[in-house]
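Input: a single structure, listed below in structure tokens.
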Amino acid sequence: MTQSGDALPEDLIRTLLEARRVVVLTGAGVSAESGIPTFREAQRGLWAQFDPMALASPEGFAANPARVWDWYQWRRQLIADSQPNPGHRALSELAAMTEHFCLVTQNVDGFHQLAGSADVLELHGNITRTICSRTRSPVFDDWLARHADRSPPPSPHHPEGLCRPDVVWFGEALDESVLSAAMDAAAQADLMIVAGTAGAVYPAAGLPALAAENGARVLDINPEITAISSRADWHLTGTSARWLPRLVAALAAESGLRA
Ligand code: BV8
14 MTQSGDALPE
24 DLIRTLLEAR
34 RVVVLTGAGV
44 SAESGIPTFR
54 EAQRGLWAQF
64 DPMALASPEG
74 FAANPARVWD
84 WYQWRRQLIA
94 DSQPNPGHRA
104 LSELAAMTEH
114 FCLVTQNVDG
124 FHQLAGSADV
134 LELHGNITRT
144 ICSRTRSPVF
154 DDWLARHADR
164 SPPPSPHHPE
174 GLCRPDVVWF
184 GEALDESVLS
194 AAMDAAAQAD
204 LMIVAGTAGA
214 VYPAAGLPAL
224 AAENGARVLD
234 INPEITAISS
244 RADWHLTGTS
254 ARWLPRLVAA
264 LAAESGLRA
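Residues in the sequence shown are numbered from 14 upward in steps of one, following our numbering.
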């Protein structure tokens with residue numbers, strides 16, 4: 014059912030109150046109110062001419078390492094100049110009100126951690142970390158500062174290596190331990206909350222169906238209808254910064270706690 018007024022469905026609040034295992038899957042939409050363009054939204058300025066899917070790929074990096082590195086440096090600066098929004102903070106509060114809580118994100122901006130969430134499962138890595146393109150060993154800021162004139166900087170770990178962001182590109186495998194932890198959490202969930210994702214990128218987009226197949230109810234929060242919302246038990250039309258704080262406030266009121 015799609016809700017777009019201000020009130021939350023009674024049965025949703027009751028489900029949230031009774032849920033012992035809550036799993037949340039977030040996508041680029043939860044960082045939209047922090048001013049970070051979503052992945053599919055038209056890129057801005059210089060980057061408007063490029064398809065993010067092509068840039069976020071090993072082929073794109075091999076074809077033009079400087080362009081891909083500069084794109085990530087541009088996104089890193091956007092993130093450094095921004096901050097988490099009420100949607101991120103609400104999820105941090107929700108974790109403290111839930112017996113078993115697991116936050117899974119497709120985002121690479123680290124905003125959930127900055128907002129106070131712990132043990133975040135970052136399916137697609139983290140843009141603030143840098144690795145060697147050949148060995149995948151970590152590269153630290155002092156090296157990057159010493160080679161800031163190079164785009165991308167050479168790797169300190171391999172003569173033919175280059176610095177690249179520690180994110181999962183299209184066509185690259187996700188970290189097995191992170192993905193299996195996310196799948197285990199989804200399969201054991203009573204309630205899965207999906208917020209800010211078009212549900213188009215796999216295997217992440219398969220998690221809500223996995224939760225539902227194992228008995229979970231699914232809530233989707235998105236201004237638009239997606240493949241996930243059409244199969245969800247509830248769809249709250251609107252932004253995550255609007256609905257997630259309302260959800261937490263309603264749960265706190267119902268359970269007599271203050272978040
Ligand atoms: C892999 C890091 C295998 C980089 C990203 C089936 C199974 C497995 C794989 C596939 C499969 N089918 C196809 C594939 C291949 C591919 C894939 O899924 N392709 C798609 C396009 C069909 N998957 C892969 O390649 C994955 N790898 O499966 O490897 C393998 C195994 C062994 C060995 C080798 C290989 C890897 C995928 C990871 C790609 N990396 N990010 C970077 O960020 O630069 S994904 C990238 O897209 C971002 O992480 C982003 O989060 C993600 C998903 O997009 P969304 O989060 O949904 O964002 P989007 O912009 O699309 O939508 C935003 C939504 O928010 C919208 O709905 C909007 O309405 C909403 N919104 C807007 N404002 C708000 C809002 N919502 C709430 N509030 C708001 N204010």
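Beta carbons are placed, not taken as given, at the ideal position from N, Cα and C, and that holds for glycine.
Per DSSP, the continuous beta strand (DSSP E) segment holding F114 begins and ends at H113 to T118. Residue environment: F52 is assigned as buried (16 or more neighbouring CB atoms within 10 Å of its CB, all protein chains considered).
Under the 10 Å beta carbon count, R57 is surrounded by fewer than 16 other beta carbons and is classified as exposed. With a cut-off of 8 Å on Cβ pairs, the stretch 146 to 157 is not in contact with the stretch 100 to 111, counting fewer than three such pairs.
Contact between D122 and I140 holds: CB atoms are separated by about 6 Å, below the 8 Å threshold. A Cβ-Cβ contact shorter than 7 Å links H113 with R33. By the criterion of a C-beta distance shorter than 6 Å, A45 is surrounded in its chain by T51, once the five residues flanking it on both sides are discounted. The continuous beta strand (DSSP E) containing L249 extends over residues W247 to T250. In this structure, DSSP gives I238 a state outside helix and strand, which the three-state scheme calls coil. For V261, no beta strand (DSSP E) encloses it; the enclosing alpha helix (DSSP H) starts and ends at S253 to S268. Per the DSSP secondary-structure output, E46 pairs with nothing in a beta bridge. Judged by DSSP secondary structure, V191 falls outside any beta strand (DSSP E) and instead within the alpha helix (DSSP H) spanning E189 to Q201. Between V117 and A195 a beta carbon distance of about 4 Å is seen, short of the 8 Å cut, so the two are scored as contacting. Look at P178 here: in three-state DSSP terms it is strand.
Secondary structure note for V35: it is in no alpha helix (DSSP H), and the uninterrupted beta strand (DSSP E) holding it is R34 to T39. At least one heavy atom of the ligand BV8 sits closer than 6 Å to the Cβ of T51. In the three-state reduction of the DSSP assignment, E173 falls in the coil class, being assigned neither a helical nor a strand state.
Apart from the 5 residues on each side of it in sequence, W156 sits with its Cβ closer than 6 Å to the Cβ of P169 in its chain, given in chain order.
In terms of side-chain proximity, the C-beta atom of E46 is found nearer than 6 Å to a non-hydrogen atom of the ligand BV8. Taken atom to atom, the span from the alpha-carbon of V81 to that of A69 is near 8 Å. DSSP, reduced to helix, strand and coil, places R230 within a strand of the structure shown. As the crow flies, the alpha-carbon of L232 is around 37 Å from that of P151.
DSSP places V207 within a strand segment (E or B) once states are collapsed to three. Under the three-state reduction of DSSP, E72 is assigned to helix. Rounded to the nearest whole angstrom, the C-alpha separation of N120 and P167 is 26 Å. Where R159 is concerned, the enclosing alpha helix (DSSP H) starts and stops at D154 to R159. Ranked by how close their Cα comes to the Cα of R88, the residues S130, P178, A131 and V214 have P178 in first place.
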